[in-house]
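To keep things clear, I will list the structure first and then write my remarks on it.
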Amino acid sequence: MPVPADGLRVALFATCVNDMMFPSTPKAVVSVLERLGCTVEFPMEQTCCGQMFTNTGYFDAAVPTVRAYVKAFAGYDYIVAPSGSCTGAVRHQHPMLARHAKDDALIAAVDDIVTKTYDFSEFLVDVLGVTDVGGYFPHRVTYHPTCHSVRVAKVGDRPYQLLKAVKGIDLVPLPDADQCCGFGGTFSIKNPDVSVAMGADKARHVRETGAEYLITGDNACLMHIGGLLHRENSGVKPIHLAEVLAHTEGGAR
Amino acid sequence: MTTTEPMRRTPAPPSGTFLGMPTFPTNAKAQLNNTQMRKNLRNATTTIRAKRAKVVGEVENWEELRLAGAAIKDRTMRHLDSYLVLLEESLTKAGATVHWARDAAEANQIVVGLVKAKGVDEVVKVKSMATQEIELNEALEEAGVAAWETDLAELIVQLGHDRPSHILVPAIHRNRAEVREIFLREMHLYGTAAPEGLTDEPAVLAGAARTHLREKFLRAKVAVSGANFAIAETGTLVVVESEGNGRMCLTLPETLISVVGIEKVLPTIADLEVFMQLLPRSSTGERMNPYTSMWTGVTPGDGPQEVHVVLIDNGRTRVLADPDGRYALRCIRCSACLNICPVYERVGGHAYGSVYPGPIGAVLNPQLRGIESDIDKSLPFASTLCGACFDVCPVRIPIPDMLVHLRHKVADKKRQGLHLEPTIMTGAQWAFGDHKHFEFMESMAAVAAKVMKKDYLGPMPWPASPWTRARDLPMPPTESFRSWWKRTRGEGK
Chain A
-12 MPVPADGLRV ALFATCVNDM MFPSTPKAVV SVLERLGCTV EFPMEQTCCG
38 QMFTNTGYFD AAVPTVRAYV KAFAGYDYIV APSGSCTGAV RHQHPMLARH
88 AKDDALIAAV DDIVTKTYDF SEFLVDVLGV TDVGGYFPHR VTYHPTCHSV
138 RVAKVGDRPY QLLKAVKGID LVPLPDADQC CGFGGTFSIK NPDVSVAMGA
188 DKARHVRETG AEYLITGDNA CLMHIGGLLH RENSGVKPIH LAEVLAHTEG
238 GAR
Chain B
10 MTTTEPMRRT PAPPSGTFLG MPTFPTNAKA QLNNTQMRKN LRNATTTIRA
60 KRAKVVGEVE NWEELRLAGA AIKDRTMRHL DSYLVLLEES LTKAGATVHW
110 ARDAAEANQI VVGLVKAKGV DEVVKVKSMA TQEIELNEAL EEAGVAAWET
160 DLAELIVQLG HDRPSHILVP AIHRNRAEVR EIFLREMHLY GTAAPEGLTD
210 EPAVLAGAAR THLREKFLRA KVAVSGANFA IAETGTLVVV ESEGNGRMCL
260 TLPETLISVV GIEKVLPTIA DLEVFMQLLP RSSTGERMNP YTSMWTGVTP
310 GDGPQEVHVV LIDNGRTRVL ADPDGRYALR CIRCSACLNI CPVYERVGGH
360 AYGSVYPGPI GAVLNPQLRG IESDIDKSLP FASTLCGACF DVCPVRIPIP
410 DMLVHLRHKV ADKKRQGLHL EPTIMTGAQW AFGDHKHFEF MESMAAVAAK
460 VMKKDYLGPM PWPASPWTRA RDLPMPPTES FRSWWKRTRG EGK
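Chain order of the listed sequences is A and B. Residues -12 to 240 (our numbering) make up the first sequence, in order. Residues 10 to 502 (our numbering) make up the second sequence, in order.
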């Protein structure tokens, strides 16, 4: 296995949802990045991208998360997050929030740091230049391209490139893949009925594929679709892209 | 329903007002149970999405056209005052009479006055969003004038005592069996009856509408239209349509009254080149629409000899005043955002409480009408922010960013009153604004996980019920990521 990163220093932005609810995802990121030769650091000052506040309209409440982000990650050339949505929020909303705060120092810091923030799949393909990360996952899977990963972070087909290179994987196309799953952050509780109607269609399409695992690059969307699949006792397991890539022949599940 | 109001000339719309409607989530819940509507919407939006994707894919410089469309509209809005004055000059020079209306009431008053002055008791109408917005038909009805919709879908809505549910396809929520029923039940009450043996074949239904409308076209002395574009340099109005009913209304009657939103102005005829490529492909998924009518004031001996143009503001200058909201004035009413929206596809247009539903309605209504009513306060939240609407918008209206902007306005308003949400958000700000607080919250979650010994939570009472009614909720693990990192790698980085 070649080591493309050669000690490259990378800061992990775990994201609040993963840190608290889905630690196996950032652990998997650490495992893949270290396997590829990166030196991974986890700055403790980090909290959250603030999207929950911003997208509910509470800009003032989001500003401290922007400050925490800058404090945690200033000085790093590569900040990697296992979430298209949080990466998108940092890149697309932090500059707006810094301007909302009318803080010139924060604006300057944010404008610099957003260019150094990567979604996990982007970092692997664009920065490290790898698609085969040595993964082994002998299962039938389907992938849902989450809206913010595609339309805000713009990861394109990178997750597919990475998945196709995984040994033993049976990647089945998901019908209506490009339609939103209905999570939408606080939309999921402000408009629960529409959210569930959309999620039910997504879960149905997932089941149609006969996949054992539903993969996404965003655990928040996965929590929503997975919550529906679990209620139905569908047997389909939600899993983050990073965890699939982290599995090797030595440690298959 | 049809016999209760014998004094009316036209079918009565449903009772109640848009602004009196409950919040979007409440309306949506009711609509989600409308099986027929959901099937119709699913079929119609899926078909039109595919058609649009195909014809947009054919245009090599589509992204450049989108940029051009946005740039033309932005430049026009920046100098709206001078372009409107130029439009008035050009129209007047071409023999048209220009009227200015600040709001719906003024616009309706002007149109009613013009119609009454002609001594008629009916008008034929071209499909027009501006006249739907100001509820002109009801104003005319109150003045004893019957306004007949001549667009097929608008006719179905009108005869069905219904409201439009789509900007371009107002009867998108109806299927052909329902249309047949409406025609059989209503047509004879308002003119030529539906023929005996009417089937639900689309061609047969269209034939019945054609016969029903024909006598109205031939009788009408006055027509009312909107306009897709108004060219400042020449005073030319443009109507883009599919059925030819518009062409009939624009050419047969003696008097033509066009109600036009002030954001419809374009500087020059050359600007049309861009929009005539963007609009049909984005709206009906056609390379070119079947009928494009352009008229410049009065042409002696040809077409209407009395031409009026009513330019309406009705909240548009308020939209223009907001740098983060004014993008909405770029809108050319193509409906691509409705057709792509996964929320609209499931709830239909009636849930939005306006003639402008879907993503564009969610950003336009709270700006045009303000965020006073329950429905307008809830509309900015009627989206998952999935972003599909921006991708298909031919004039690049950043709808997701604008929704967030409007949510901020609603949240600011909520903070002034007694609401639970701002309090929750202040608590959350404490928890997420500082890593030490976040770590404390994580430790609480870990304790809960140890006590409950479950992977998932099933149905729970409020406040967990909105989530757990239909979805299980995974429990946090007993060790957070950062606790694991500290345990295995130490406190340092």
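Each residue gets a CB set at the ideal place from its N, CA and C atoms; glycine is no exception. Remember, predicted model here, so these are calculated numbers, not experimental data.
Judged by DSSP in its simplified three-state form, A:S72 adopts helix. Spatial neighbours of B:V404 in its own chain (CB-CB distance under 8 Å, excluding positions within 5 residues in sequence) are listed in chain order as R75, G78, A79, K82, L287, R339, C340 and I341. The Cβ of A:P10 sits closer than 9 Å to at least one Cβ of chain B.
A check of alpha carbon separations from A:R138 across A:A55, A:M7 and A:H79 identifies A:H79 as the nearest. Between the C-alpha atoms of B:P313 and B:E131 there is a straight-line separation of about 16 Å. The beta strand (DSSP E) runs of length 3 or more contained entirely in the stretch 152 to 205 of chain B are, from start to end of the chain, 155 to 158. Inter-segment contact for the stretch 315 to 326 of chain B and the stretch 52 to 60 of chain B is absent: fewer than three beta-carbon pairs are separated by less than 8 Å. Apart from the 5 residues on each side of it in sequence, A:D106 sits with its Cβ closer than 6 Å to the Cβ of G71, T74, A140 and V142 in its chain, given in chain order. Of B:K102, B:E147, B:R17 and B:R18, the smallest CA-CA separation from B:A116 is found for B:E147. Every alpha helix (DSSP H) stretch that sits fully inside the stretch 336 to 373 of chain B and reaches 4 residues is listed by chain position as 345 to 349 and 351 to 356. Only those residues of the stretch 428 to 445 of chain B whose C-beta falls short of 8 Å from the nearest C-beta of chain A are listed: E430, P431, M434, T435, A437, Q438, F441, G442, D443 and H444. Counted as a single uninterrupted DSSP element, the alpha helix (DSSP H) harbouring A:F174 occupies residues F174 to K177. With a threshold of 9 Å between beta carbons, A:A207 makes no contact with chain B.
Within the same chain, M196 come within 7 Å of B:A202 by CB-CB distance, once the 5 residues on both sides are set aside.
About 14 Å separates the beta carbon of B:G235 from that of B:M303, a gap too long to meet the 8 Å contact definition.
Straight-line spacing of the CA atoms in A:K177 and B:N43 works out to 21 Å.
Chain B has a Cβ within less than 9 Å of the Cβ of A:R218. Bridge pairing for B:S489: absent [DSSP]. In its chain, beyond the 5 residues on either side, P31 and T32 have a beta carbon closer than 7 Å to the beta carbon of B:D383.
It is roughly 18 Å from the alpha-carbon of B:D421 to the alpha-carbon of A:P51. If the five residues before and after A:R86 are omitted, its C-beta is found closer than 7 Å to the C-beta atoms of I94, all from its own chain and listed in chain order. Between A:P132 and chain B, the shortest Cβ-Cβ separation is not below 9 Å. Counting only the Cα atoms, A:V183 lies some 8 Å from A:S175. When rounded, the separation of the alpha-carbon atoms in A:D90 and A:F60 is 18 Å.
B:R185 places its beta carbon less than 9 Å from that of B:D209.
Residue pairing of A:V17 in beta bridges, as defined by DSSP: absent, with no partner found.
With contacts defined by Cβ atoms closer than 9 Å, B:D331 and B:E250 do not form a contacting pair.
Chain B has no Cβ within less than 9 Å of the Cβ of A:P(-9). A:G204 counts as buried, since at least 16 other C-beta atoms from the protein chains shown sit within 10 angstroms of its C-beta. Partner residues in a beta bridge of B:P276, as assigned by DSSP, do not exist.
Its chain contains C3, T52 and A55 as the residues whose beta carbon lies nearer than 7 Å to that of A:T34, once the 5 sequence neighbours on both sides are disregarded; these appear in chain order.
Cα atoms of B:E151 and B:L96: separation of roughly 32 Å, rounded to the nearest angstrom. Taking a cut-off of 8 Å for Cβ pairs, the stretch 224 to 237 of chain A and the stretch 185 to 205 of chain A touch, as three or more such pairs fall below it. Rounded to the nearest angstrom, the Cβ distance from B:W476 to A:P10 is 21 Å, too far for a contact under 8 Å. Listed along chain B, no residue sits closer than 8 Å to A:Q148 by beta-carbon distance, the nearest being about 22 Å off. Annotation for B:I57: no beta strand (DSSP E) segment contains it, though the alpha helix (DSSP H) segment containing it runs T44 to G66.
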